[in-house]
Amino acid sequence: MSEEPAGVLVLGAGGHGKSVLGVLVAMGRRVLGVLDDASGLWGTRVCGVPVLGGLEELRRFPDAEAVIALGENAARRDAARRFPEARWAQVLYPGAYINPLARVGTGCVVFPGAVIGSEAFIGDHVIVSAHTTVGHDVRIEDFAQVAPGVQIAGGALIGAGAMLGIGSIVCPGVRIGAGATLGAGACAVRDVPPGARAFGVPARVVGAQ
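Using this note's numbering, the first residue of the sequence shown is number 788, and each one after it goes up by one.
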């Protein structure tokens, strides 16, 4: 008889937290509660799930798994560093396609309709949003975020903490630097430097973060 999976705590009660709760329900996971540092939410419910307190409450549940449901990349990074002993869950929507030769890191969230190709590498605490395509041999580093409808062609590199806006396109082999932002609907046909912001078709760098 297989052991029942541990319950899951969701760190973050905002919009992204609500989205993550929906994926956990689809997975059939048992959600123990939501944690958020906004004290005004303590004792309330989000999507029917109780808000148990601030993030520090995670230390009271050493056997539980947890997922950082904070949409801001830097906030996810800071939370992961704050709780190095935590058991981070993978939250993978059952209808997403993840090639068996791909690698998905700890703490990642993959939403409905996502496609992750052969030998793609997804780092830790990455958000892969709905209806995105991650091509073969793509590398997405820790704490990056891929918004809905993004298309990443084969061999591209998305640096740590980078943000790809809704519907953006990264062409084959293009590198998006760490902490960079590719705007909604933009098409990166050439590399975007670390920390830069690029918009338009073709994407042009317009400044730094």
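Where is the CB? At the ideal position from N, CA and C, for every residue including glycine.
Judged by DSSP secondary structure, Leu796 falls within the beta strand (DSSP E) whose first and last residues are 795 to 798. Selection Ser955, Gly960, Asp924 evaluated against Val988 yields Ser955 as nearest (Cα-Cα).
One Cα belongs to Val957, the other to Ala943, and the distance between them is close to 7 angstroms. A contact between stretches requires three or more CB pairs, one per stretch, nearer than 8 angstroms, and the stretch 893 to 901 fails this requirement with the stretch 973 to 981. For the set Met814, Pro959, Leu822, the Cα lying nearest the Cα of His923 is the one of Pro959.
Around the beta carbon of Glu872, a 10 Å sphere encloses fewer than 16 other beta carbons of the protein chains shown; the residue is thus reported as exposed.
Ala973 is not a Cβ neighbour of Gly994, given a cutoff of 8 angstroms.
By the neighbour-count criterion, in which 16 or more other beta carbons inside 10 Å mark a residue as buried, Arg847 falls on the exposed side. Classified as buried, Val818 has 16 or more neighbouring CB atoms from the shown chains inside 10 Å of its CB. For Leu808, the enclosing alpha helix (DSSP H) stretches over residues 802 to 814. Taken through DSSP and simplified to helix, strand or coil, Arg868 comes out as helix.
Going by C-alpha positions, Ala861 is about 14 angstroms away from His803.
Unbroken beta strand (DSSP E) stretches of 3 residues or longer found wholly inside the stretch 828 to 868: 836 to 840, 852 to 855, given in chain order.
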